[in-house]
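All remarks here apply to the structure that follows.
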Amino acid sequence: FADKAGWAYQAIQDRLTKIRERTEVIYTLDTLEYLARGGRIGRVKALAGALLNLKPVIRVDTDGKYSTVTTGRTLGKSTKAITDHLAEKYVNTPLWVTVLHGRFAEKAEALAEEFKEKLNIAKLEVMRISPVLGVHTGPGIVGAAAVPMELMEDLG
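Here is the structure:
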């Protein structure tokens, strides 16, 4: 969109950098099995997570590195932690949020409703993740990508 609007190459690069720096990608999983299969965590950690019924809340930083925000015992508690994290990070900032899921359409819709109540939503989408992402996380993923609307609204 920006190139068709006549933006200079450097302006596009600068905007993309700002979007990357201010976008939050955060999700939870129903199992750690797929992270272990992909080598992102050890087998012992995955087994302990299964035995204790742990549902980690994971964020992806601007360099693409994963870090655990918190860990819940149910998907409901973990999705609430996602909402709390975004509310704390963005306070009252108008957001464009995309809720992502694998096989949890109902959980994704519930998370979207929670976002409407607790966040300043300017645009909200719910979509299923691609199989390429699902290979790493498994189908039991639900989460969101959020970006301040001010960075997106003039892009068409």
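In the working numbering, the protein residues as written are 952 to 1107. C-beta: ideal position from N, C-alpha, C; glycine also.
> Using a Cβ-Cβ cut-off of 6 Å (strictly less than) and excluding sequence neighbours within five positions of proline 1007, which residues of its own chain qualify?
Replying inline: Thr1019, Thr1022
>> Let's see if you can read the secondary structure: which residues bound the beta strand (DSSP E) around glycine 1023?
In response: 1017-1023
> Comparing alpha-carbon positions, which option in Lys1069, Ala1059, Lys1074 lies nearest isoleucine 1080?
Replying inline: Ala1059
> Given a threshold of 16 other Cβ atoms within 10 Å of its Cβ, counted over all protein chains shown, does aspartate 981 qualify as buried or as exposed?
Replying inline: Burial call: buried.
> glutamate 972 and lysine 1040: beta carbons closer than 7 Å?
Replying inline: no
> When the distance is taken between beta carbons, is histidine 1052 closer than 7 Å to valine 1098?
Replying inline: no
> Do lysine 1069 and alanine 1038 have their C-beta atoms within less than 7 Å of each other?
Replying inline: yes
> For methionine 1103, which three-state DSSP category applies?
Replying inline: coil
> Measuring CA to CA, which of Asn1043, Thr968, Ile1033, Lys969 is closest to isoleucine 977?
Replying inline: Closest by alpha carbon: Ile1033.
> Where does the unbroken alpha helix (DSSP H) through threonine 1088 begin, and where does it stop?
Replying inline: Membership of threonine 1088 in the alpha helix (DSSP H) is indicated by the continuous run 1082-1088.
>> Using a Cβ-Cβ cutoff of less than 8 Å, which residues in the same chain neighbour threonine 979 once the five nearest sequence positions on both sides are dropped?
In response: Same-chain partners within the cutoff: Lys1006, Pro1007, Val1008, Ile1009, Gly1023, Leu1026, Ser1029, Thr1030, Ala1032, Ile1033, Ile1092, Val1093, Gly1094.
> With which residues is glycine 1094 paired in a DSSP beta bridge?
Replying inline: Tyr978, Leu1051
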